[in-house]
Structure formats: structure tokens, C-alpha cells
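The structure appears below as C-alpha cells.
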Amino acid sequence: MAPTLDEMSDDDKGEFGLKLFFELADLHGLLRDLDNLDMSGIIPFFQNAVTNLPDDYYTKHHQNCDICREVGEADVADDSIDLNTIALTAVVKVNHCGHVFHKACLHLWLKSQRINGRTGGGEKAGSCPKCRGVLIANKAHLPANMRPILNKLRTLVTRMNDQLSGVTGQHPTLGFIRNELDGVETQYRYHRTVLDTLQMEELDEEVFQVGPLFVDE
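In my numbering, the protein residues as written are 492 to 708.
What follows is the structure, given as C-alpha cells:
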């Protein structure tokens, strides 16, 4: 029978919680590794094909983002992008067509298109949200180290779930870790979808629209 928190000594509780926190940090490190894998051409696009504008651009020009319709901060889900690297107030202009968006919104839009564009979404993969001009047109590629990272992530998530299921009782620390673990599992499923989609594209040997405005080489 699983021990309750009340049956554990204070030292055991502290050691157990510390171990889980370290493993949670490892999970987030693996997620960062996955986010840094450039399989879509999005990273070089933002490095070379957009111009950064002042954060108060929309306020000064009495406009709003054509994706989220907000003026100040981008209205995106907290777990949809790495908010440690993209500020919600950041605004960019696409150099070719001149259309302006929150950087976070455009990043999420392109990310979603590059993953789902071939599955019947009706949009060109890697297109401008406003004019539908092709922004990134090369075929996405499957990084060689993506599968090992995902496998390691899945193993660690399973181990943490097993550890948590072995202890009964309520505690704020355990509640926090369980919530964090749920978020990690959501991100795992997302990256697993990316992997499956890219594998399909490699099998089909399809390429995106010819004549891109920006090509990731």
C-alpha cells in the first residue's frame, strides 16, 4: 500500500520533494532542447526576414495585431511558445510584404502552419496571416536528435508519474509538481505530433510551395 505524506518523516518529505524538483528541472531542460531544434525554418526567418518594431507600435498607430486583435500584449496560450525568449509585447514587420504582427502571434502562426499545413488546413504552409504570401517555403526536416530527446522525455515523465502515484495525500508541493507535469505532457504530445508529421513528409518526399520569400538552407 502506498505511504501517505502523514506517514513520512519531515526529512523523507524534503528529500522526496527535492528529488522531484530536480527531475522537473531536467524535464524543462529537455523541452528547451526540443524548442531549439530548428526543423521548420522559423528561427532563421525571424533572424533575417523581419524588422523589430517598438513595443508600443500598435498604441502609437491606433492599430491592433491582425492575428490576436490585441493592442498591448499578444493573446497567446502560455504553453504555446517559449515566453522566456519571446516577449508578449514584441512587434515585428515582415520585410517583404510590410505587414505587422506581434512576434509571439506570428511565431505561433508559422509554427502551427509548418506542422499542420499539409494535413488539410487550407493555408499555404509558412504564409503571411494577412496577405497569404509565402514566407517560408522549403520542406521541414527531421533533426537526427529529436527522437532520442523525445524518448528520454517520455521515460522521465513516466518515472515521475510512477513516483507520484506511489504517495497518497495532499500537499502544495506535490500539487504544483503534478500541474507542471501535466504541462510537460502536453508539450510532449505536441512535439510527438511534430515528429510524426515530419516523418510522413519525409516518406512522401513532398516540398512546399516553390519560390519562397525566405528559404531556410
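Glycine included, C-beta positions come from ideal geometry on N, C-alpha and C. Here the structure is a predicted model, which means the values were calculated and not measured.
Where Ala595 falls, given that 16 or more other Cβ within 10 Å makes a residue buried: buried
Distance, Asp503 Cα to Lys602 Cα: 43 Å
Counterpart residues of Phe592 in DSSP-defined beta bridges: Paired residue(s): Val583.
Which of helix, strand or coil DSSP assigns to Thr576: DSSP, reduced to helix, strand and coil, places Thr576 outside both helices and strands of the structure shown, so it counts as coil.
Ser656, buried or exposed, once every other Cβ within 10 Å from all chains shown has been counted against 16: That one is exposed.
The ligand COA heavy atom lying under 7 Å from the CB of Gly563: As presented, the structure is devoid of all ligands, the ligand COA included, so that no description of it is given.
DSSP state of Val685 mapped onto helix, strand, coil: helix
Residues that DSSP places opposite Val541 in a beta bridge: Val585
Which residues DSSP lists as bridging Ser618, in chain order: Val625
Candidates Thr649, Arg638, Leu647 and Arg560, of which the one nearest Leu525 by Cα: Arg638
The segment 641 to 658 / the segment 673 to 680 touching (three or more Cβ pairs under 8 Å): yes
Nearest-angstrom Cβ-Cβ length linking Leu521 and Leu644, presumed shorter than 8 Å: 5 Å
Arg560, DSSP secondary structure in three states: coil
Short Cβ contact (8 Å threshold) for Glu564 with Leu544: no
Sequence-distant residues of its chain with Cβ nearer than 8 Å to Thr550 (five each side left out): Within the same chain, Thr550 has close Cβ partners Val562 and Gly563.
Per-residue DSSP class, three states only, for Asp566: coil
Residue range of the alpha helix (DSSP H) that includes Leu644: Element bounds for Leu644: Met637 to Ser656.
Member of Asp517, Asp566 and Ala540 whose CA lies at the smallest distance from the CA of Gly589: Ala540
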